[in-house]
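Residue numbers 1 to 148, in full-length UniProt numbering, belong to the letters of the sequence shown in order.
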Amino acid sequence: MCNSISKRMVRDVTIEHKAKLVCLQETKCSSWNAYSTRTLKGNRDFEWVEVASRGLSGGLIFFFWDKMLYKFVTVSKADNWLWVKFQSLADDEVFSVVNVYSAQDLVKKRTLWAELTNIMISQKNECICFFGDFNSIRDDSERANCLY
Numbered sequence: 001m002c003n004s005i006s007k008r009m010v011r012d013v014t015i016e017h018k019a020k021l022v023c024l025q026e027t028k029c030s031s032w033n034a035y036s037t038r039t040l041k042g043n044r045d046f047e048w049v050e051v052a053s054r055g056l057s058g059g060l061i062f063f064f065w066d067k068m069l070y071k072f073v074t075v076s077k078a079d080n081w082l083w084v085k086f087q088s089l090a091d092d093e094v095f096s097v098v099n100v101y102s103a104q105d106l107v108k109k110r111t112l113w114a115e116l117t118n119i120m121i122s123q124k125n126e127c128i129c130f131f132g133d134f135n136s137i138r139d140d141s142e143r144a145n146c147l148y
């Protein structure tokens, strides 16, 4: 993701589809700055929050840039998830978006969902949308050179 070809692909898709919210997993970038994030969006009218990668593993980023639509309220994060709460400026509705990158290990996956469940329970009557890579193999045909 940190290379220019991947960034250009993300930028082209977000512009073509006029995306308002974008979640990326496995960015493999240790940190982001205004210049590197601008290369993904193509302009300066956005904000972002991130979970940095550890070496060449992981990394989450969540963009929200249409400040005319959403007001940033708060963020919570851990190694495998990024939880962002917004308020819609159109109707004052509060909602959350969670960007998840799940571990392949079943014990770590259960820990992840326990953390998210505890936060979700505390968000009474609030709309929550989960995005991400859940590393869920539903069928053996989905295993390509995998040992898990």
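Glycine residues also receive a C-beta, built at the ideal position from the N, C-alpha and C atoms.
Can you tell me which of the three DSSP states Lys71 falls into?
Residue state, collapsed to three classes: strand.
Could you give the DSSP three-state label for Arg138: helix, strand or coil?
Arg138: coil per DSSP, three-state reduction.
State the DSSP-derived secondary structure class of Glu47, mapped to helix, strand or coil.
The answer is strand: DSSP assigns Glu47 an E or B state.
Roughly how many angstroms separate the alpha carbons of Val51 and Asp133, rounded to a whole number?
Rounded to the nearest angstrom, the two C-alpha atoms are 15 Å apart.
Considering only C-alpha positions, which residue in the set Val97, Ala78 and Ser122 is nearest to Lys108?
Of the listed residues, the one whose Cα sits closest to Lys108 is Ala78.
Specify the secondary structure class of Ser96 as computed by DSSP and reduced to three states.
If DSSP states are grouped into helix, strand and coil, Ser96 belongs with the strands.
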